[in-house]
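This note's numbering numbers the first residue of the sequence shown as 13 and each following residue consecutively.
C-beta: ideal position from N, C-alpha, C; glycine also.
Step one of this worksheet: look at the structure below.
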Amino acid sequence: MGGMLLLISLPLSANPQQEQLIRHTVRSALQQETEQTAALHQWPAYQTDWEIWVPGAARHLPECPGKLVVTGRDNQLLPVGRLKRQVSCEQGQSPWHINVTIKASLTLPVVVTQTALSRGQSLDASMLMIEKRTLDRADEFFTDIRDAIGMEVSRRVRSGDILSPTLVSKPPWVLKGNQVVIIAAKNGINASTQGVALEDGSQGDQIEVQNSTSQKVIHAVVSGLNQVRTQF
13 MGGMLLLISL PLSANPQQEQ LIRHTVRSAL QQETEQTAAL HQWPAYQTDW
63 EIWVPGAARH LPECPGKLVV TGRDNQLLPV GRLKRQVSCE QGQSPWHINV
113 TIKASLTLPV VVTQTALSRG QSLDASMLMI EKRTLDRADE FFTDIRDAIG
163 MEVSRRVRSG DILSPTLVSK PPWVLKGNQV VIIAAKNGIN ASTQGVALED
213 GSQGDQIEVQ NSTSQKVIHA VVSGLNQVRT QF
């Protein structure tokens, strides 16, 4: 019945409050989900807006004797854009579930470009600014200019565009074949030797390096320009 599966027949009498209860339950679940996402990504002050569509058949659902349960997540990183949730009554003699559609938007200060950027450019603060925008798609974004400084533009970006992490990348500090300094640490004692990088790496990446003295291949973390760190 159009996205709805019932385990019993629908009652003949309509119950408008059931539709309102479903909408309220979905809104509360979205609020909690957004708050958790905001805390994880440390968003500044933000506003949300949800348009929730509940099928009219919800008015004919039997009253649930217990708490309604909201389940279902979309395959996207942020609760923004077109969302779908399932609301279920799992208690009593008349269990049911119904699918709900949401159009979600998010308004908050994000990093945007002050000028057009070309592929390969390294970002500095003069190229970026903070501006409040309303997002209606689940695209990633920066909220702090400092997080983008030093990144390398991976494809052309227009002036005024929201800067997405998908448009930039960390510049490599180590290139495959480069001579590198291997710093090994243990109990506060550091020792260094020479090696050769077997793959490219940016800050914080773990890469394979061959020790030039022992010829042993080790895994080390990129810590500086042509420098890696490991442990004894």
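For residue i: DSSP bridge partner residues
i: C101; result: W108
i: S117; result: D61
i: I195; result: S204 and R241
i: I230; result: V221
i: M139; result: Paired residue(s): none; M139 is not in a bridge.
i: T125; result: L140
i: G236; result: Q239
i: K79; result: None; K79 has no bridge partner.
i: L95; result: I114
i: G213; result: V186
i: L147; result: L118
i: S181; result: E164
Heavy atom of the ligand MG within 7 Å of residue i beta-carbon
i: V234; result: This structure lacks the ligand MG, and indeed carries no ligand of any kind.
Cβ-Cβ distance between residue i and residue j below 8 Å
i: A197; j: Q239; result: no
i: A57; j: L140; result: no
i: R71; j: E31; result: yes
i: N223; j: G213; result: no
i: G189; j: R149; result: no
i: S117; j: T155; result: no
i: L135; j: I161; result: yes
i: V229; j: A209; result: no
i: P67; j: G104; result: no
i: W185; j: Q227; result: no
Straight-line gap, residue i to residue j (C-alpha atoms, nearest Å)
i: V165; j: R131; result: 5 Å
i: K79; j: P107; result: 12 Å
i: L69; j: E220; result: In the sequence under discussion, the amino acid at residue 69 is Ala, which differs from the Leu named in the question. When rounded, the distance between both Cα atoms is 59 Å.
i: R170; j: V124; result: 10 Å
i: V38; j: S235; result: 46 Å
i: A203; j: N87; result: 46 Å
i: I64; j: L129; result: 38 Å
i: T304; j: P91; result: There is simply no residue 304 to check, as the chain begins at 13 and stops at 244 in what is shown.
i: Q10; j: N199; result: No statement about residue 10 is possible, as the shown extent of the chain runs from 13 to 244 and does not include it.
i: V233; j: Q44; result: 37 Å
i: L237; j: V122; result: 30 Å
i: A1; j: E143; result: Since the displayed the chain opens at 13 and closes at 244, residue 1 lies outside it and no answer follows.
i: T225; j: D159; result: 38 Å
i: L95; j: E47; result: 16 Å
Close beta carbons around residue i, own chain, < 7 Å, minus the five adjacent residues each side
i: E152; result: L89, S176, P177 and T178
i: L17; result: Model confidence at L17 stands at a pLDDT of 43, short of 50, so the residue's coordinates are unreliable and nothing is read from them.
i: P28; result: R71
i: S181; result: M163, E164 and S166
i: E211; result: K188, I219 and E220
i: R35; result: I64 and V66
i: A137; result: I157 and I161
Nonlocal neighbours in the same chain, by C-beta distance under 6 Å from residue i, ignoring five residues either side
i: T83; result: Q98
i: I195; result: N202, S204 and R241
i: H59; result: Reading off the sequence, residue 59 comes out as Gln, not His. If we look at Q59 and ignore the five residues flanking it on each side, its Cβ neighbours are T119.
i: D61; result: S117
8 Å Cβ shell around residue i - same chain, five flanking residues per side excluded
i: A41; result: V82 and R97
i: T127; result: M139 and S171
i: E75; result: N27 and Q30
8 Å Cβ cutoff, residue i in contact with chain D
i: T242; result: Absent from the structure: chain D. Only one protein chain is present.
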